[in-house]
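Quick mapping for you: the protein sequence lines, in order, are chains A and B.
Here our numbering is used: the first sequence runs in plain steps of one and ends on residue 266.
Here our numbering is used: the second sequence runs in plain steps of one and ends on residue 266.
Number of protein chains: 2
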Amino acid sequence: MDIETKFTALLRDRNLKATPKRLELLSVVANYNSAIPYSEIQNKLHHFDRVTLYRTLNAMLDGGIIHKASVSSDEVYYAMCREYCTSECHNHKHVHFKCLQCLEVSCVDVTNPIQIQIPNVVIKQVEIEVSGVCEKCI
Amino acid sequence: MDIETKFTALLRDRNLKATPKRLELLSVVANYNSAIPYSEIQNKLHHFDRVTLYRTLNAMLDGGIIHKASVSSDEVYYAMCREYCTSECHNHKHVHFKCLQCLEVSCVDVTNPIQIQIPNVVIKQVEIEVSGVCEKCI
DNA sequence: AAAATAAACGCAACTATGTTGCAATTAAGG
DNA sequence: CCTTAATTGCAACATAGTTGCGTTTATTTT
């Protein structure tokens with residue numbers, strides 16, 4: 129099964145039409161080596177109407193196909209979901225790491241599972257944003 | 129030492145002039161029972177010029193007097209820094225918890241220190257954003 | 001206590017993203 | 001191929017981010 133067919137299946141599974149724009153957006157996000165900044169998506173898809181990009185991204189987020197990977201309220205980054213996510217539940221088991229030097233953001237699996245406990249509180253979701261210097265920039 | 133004197137000292141320590149506006153902003157942030165949403169700051173300080181609020185907030189963030197406490201790219205929340213922070217290093221040992229019901233955001237100390245390790249990477253900062261249901265809303 | 005100075009402030013202006021409505025277009029199923 | 005419901009583009013509006021500049025003010029110096 130080629131990549132385009134895979135994206136089409138992914139979309140149809142979420143009751144989203146597999147339009148050329150959506151397939152194009154997905155290939156842009158998926159082919160980026162790390163989490164892709166919003167501005168970079170815009171660059172690559174400058175022929176998209178601004179609102180279309182906005183709505184397409186929202187549809188993908190809603191469908192649990194991509195997720196946001198922002199670190200400390202900077203520009204928003206996007207990445208493909210690896211696990212099966214839904215609108216309500218983006219349950220990633222990874223952390224987001226941003227290199228302060230090259231500004232690259234990536235999804236990193238953590239070996240030791242992080243256990244966070246807060247008394248008298250029901251925890252639904254935990255997002256961990258790590259920043260520092262990546263291997264290439266040390 | 130009363131609170132206003134304390135804020136004045138806090139500002140001067142960072143080479144920031146202790147102006148009425150800055151003291152007012154600090155008292156608004158400090159008197160809020162949890163992390164205060166940006167919109168709430170605006171409400172309470174509607175007599176501030178928009179740019180002044182923007183610049184004042186930035187100065188406080190820069191000086192390590194307040195910090196952002198956003199959870200998942202929603203509205204930005206602000207809270208007083210408890211530790212001694214600087215522009216480069218906001219080293220909080222707490223996590224940010226957002227109740228999905230009442231939308232209140234608070235800084236929570238975690239008893240068990242979170243140890244995150246990523247191979248071949250220098251970690252400078254870790255932000256943990258937790259969302260769920262708070263005690264009052266259960 | 002008054003003057004000097006460097007910072008803070010308000011205003012105008014511009015940029016960018018978020019968001020909605022509506023008409024035109026198009027994907028998907030029969 | 002035709003129907004229909006979803007998607008797209010355009011226009012329009014809202015709000016936050018950001019900069020420059022002239023005026024005001026907090027703090028220092030005389």
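Cβ coordinates follow ideal geometry from the N, Cα and C atoms, glycine included.
In this text the structure is predicted, and so the values were computed from the model without any measurement.
Quick check for students: name the residue ranges of the beta strand (DSSP E) that lie wholly in the segment 206-240 of chain A, counting only runs of 3 or more. Runs of the beta strand (DSSP E) inside the segment 206-240 of chain A: 222-227, 233-237.
Check this for me: beta carbons of A/R140 and A/G191, under 8 Å apart or not? With contacts defined by Cβ atoms closer than 8 Å, A/R140 and A/G191 do not form a contacting pair.
If we define contact as Cβ-Cβ less than 8 Å, is B/N248 a contact residue for chain A? Contacts with chain A at 8 Å (Cβ-Cβ) include B/N248.
Let me check one thing: in DSSP terms, what residues is A/V261 bridge-paired to? Answer by DSSP bridge pairing, in chain order: B/V250.
Own chain, CB closer than 6 Å to A/I256, minus 5 neighbours either side, in chain order: Contacts found: V223.
Interface residues of chain A around B/I251 at Cβ under 7 Å? Residues of chain A with a Cβ closer than 7 Å to the Cβ of B/I251 are, in chain order, V258, G260.
Just to confirm before moving on: does the CB-CB distance between B/Y206 and B/A163 stay below 8 Å? Contact flag set, yes.
Going by the C-beta, is B/I131 closer than 7 Å to any heavy atom of the ligand PLP? Of the ligands one can find in the structure shown there are none, so the ligand PLP has no counterpart to examine.
Is DSSP giving B/A146 helix, strand or coil here? Note: B/A146 maps to coil in three-state DSSP.
Mind listing, in chain order, the continuous beta strand (DSSP E) runs of no fewer than 3 residues lying wholly within the segment 172-209 of chain A? 194-196, 205-208, all fully within the segment 172-209 of chain A.
Top-ranked residue by Cα proximity to B/V236, from A/Q253, A/N240, A/L228, A/Q245: The option with the nearest alpha carbon to B/V236 is A/Q245.
Which residues in chain A sit within 8 Å of B/V238, going by Cβ to Cβ distance? Chain A residues near B/V238: I244, Q245, I246.
Endpoints, the alpha helix (DSSP H) within which B/T163 is located: The residue asked about is misnamed: residue 163 of chain B is Ala in this sequence, not Thr. It is not in any alpha helix (DSSP H) - B/A163 carries neither H nor E in the DSSP assignment.
In chain A, what lies closer than 9 Å to B/F225 by C-beta? Within chain A, the residues near B/F225 are I246, V249, I251.
Return the residue from the list A/C209, A/N240, A/T136, A/N159 that minimises the CA-CA distance to A/L189. Nearest C-alpha to A/L189 among A/C209, A/N240, A/T136, A/N159: A/C209.
Three-state secondary structure assigned by DSSP to B/I266: In the structure shown, B/I266 sits in coil (DSSP, three-state: anything other than H, G, I, E or B).
Just how far apart, CA to CA, sit A/V261 and A/H220? Distance between the alpha carbons of A/V261 and A/H220: 22 Å.
Name the residues in the segment 190-204 of chain A whose C-beta lies less than 7 Å from a C-beta of chain B; which are they? Those residues of the segment 190-204 of chain A that come within reach of chain B (Cβ to Cβ, closer than 7 Å) are K196, S198, S200, S201, V204.
Could you have a look at B/I256 and say whether DSSP puts it in helix, strand or coil? In this structure, B/I256 counts as strand in the three-state DSSP scheme.
Cβ closer than 9 Å: which chain B residues qualify as neighbours of A/E255? V199, S200, E255, I256, E257, V258, S259, listed in chain order.
Going by CA-CA distance only, name the one from B/S259, B/K264, B/R183, B/V204 that's closest to B/E168. Ranked by how close their Cα comes to the Cα of B/E168, the residues B/S259, B/K264, B/R183, B/V204 have B/V204 in first place.
According to DSSP, is A/Q267 helix, strand or coil? Only positions 129 to 266 of chain A appear in the structure, and residue 267 of chain A is not among them; the question remains open.
Reduced DSSP secondary structure (H/G/I, E/B, other) of B/D130: Residue state, collapsed to three classes: coil.
Please determine, among A/V254, A/A158, A/P241, the residue with the shortest C-alpha to C-alpha distance to A/S234. Among A/V254, A/A158, A/P241, the Cα nearest to that of A/S234 is on A/A158.
Compute the distance between the beta-carbons of A/V258 and B/I251, then report whether it is under 8 Å. Yes, these two residues count as a Cβ contact at 8 Å.
Do you know whose CA, among B/Y160, B/K172, B/F176, B/N171, lies nearest B/T147's CA? Comparing Cα positions, the closest option is B/F176.
Quick one: Cα of A/L181 to Cα of A/K145, how far? In a straight line, the C-alpha of A/L181 is about 15 Å away from that of A/K145.
8 Å Cβ shell around B/R150 - same chain, five flanking residues per side excluded: Sequence-distant Cβ neighbours of B/R150 in its own chain, meaning closer than 8 Å and more than five residues away, are F135, L139, L144, T184, A187, M188.
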